[in-house]
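Each number in our numbering corresponds to the 1-based position in the sequence shown with 3 added.
Backbone N, C-alpha and C define an ideal beta-carbon position, used for all residues, glycine too.
Predicted model, so just to flag it, every value in this text is computed and none were measured.
Report on one structure; see the data block that follows.
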Amino acid sequence: MDAPGADFLEMNSLDEYLREAEQAHGHLCAGQVLGVRLAMLGLAKLEIDDPRGKDRKRLVTFVEIDRCATDAVGVVTGCRLGKRALKFRDWGKMAATFVDVSSGKAIRIAAKESSKNLARQMHPELESKNQQQMMAYREMSDDDLFTTQWVKVDLPPEEFPGYKGERIVCVLCGEGINFRREVQRDGKVLCRACAGESYYSSI
Ligand SMILES: [Zn+2]
Ligand SMILES: [Zn+2]
């Protein structure tokens, strides 16, 4: 049997990733296709072939939105919040940055605004926007879908997945604080909630 060509392999892994993404996310949607393509492009640019196997300690991924595509990025890269390899920056943008911690190389990839219109032009026969985009995002070139930019990401030791640091106790609430997230106020060590950065208030 002939060895499959590179195109075949690429399509094959797109389909495979989409199947996995659908399972993990609960449904297949345009966001899954976008997220899978975005992550595959990031890995290809960094030449990381096996992010969930032998290369699993090489990659840290920053995502800039908590939407459908974010789940797909997690599936393809294997980067998870609970492993500290997935970092969430809540900027509401369909973009992610992939950092190869072994080399320091990093690439930021963002979805182009124009890809939505292009999807409509490519598949006017399909009724729903989601279906148009689901189909078109599979077919579009990387250049039509994304902008890419090599960047530098400042990643201090406490941001690395394997960071082992001492736990500090907040002098006000007594709760433990990991990963150097404590705040110094008037010579006191506080957690961010006690320092006034809380997202909740007591009732
Ligand atoms: Zn979805
Ligand atoms: Zn506290």
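Secondary structure note for residue 154: its beta strand (DSSP E) is the uninterrupted segment 149-154.
For residue 88, the three-state secondary structure derived from DSSP is coil. In this structure, the straight-line span from the alpha carbon of residue 92 to that of residue 67 is close to 5 Å. Using a C-beta cut-off of 8 Å, the stretch 85-104 makes contact with the stretch 56-64, since at least three inter-stretch Cβ pairs fall below that distance. Distance check between residue 23 and each of 79, 122, 99 places 79 closest, using alpha-carbon atoms only.
Counting only heavy atoms of ligand 2, the residues whose C-beta sits closer than 5 Å to one of them are, along the chain, 173, 175, 176, 194, 197. Of all alpha-carbon atoms in 53, 113, 83, the one lying nearest the alpha-carbon of residue 94 is that of 113. Here residue 176 is actually not in contact with residue 185; their C-beta atoms are around 12 Å apart, not less than 8 Å. Residue 63 sits away from residue 129, with the two beta carbons spaced by 8 Å or more.
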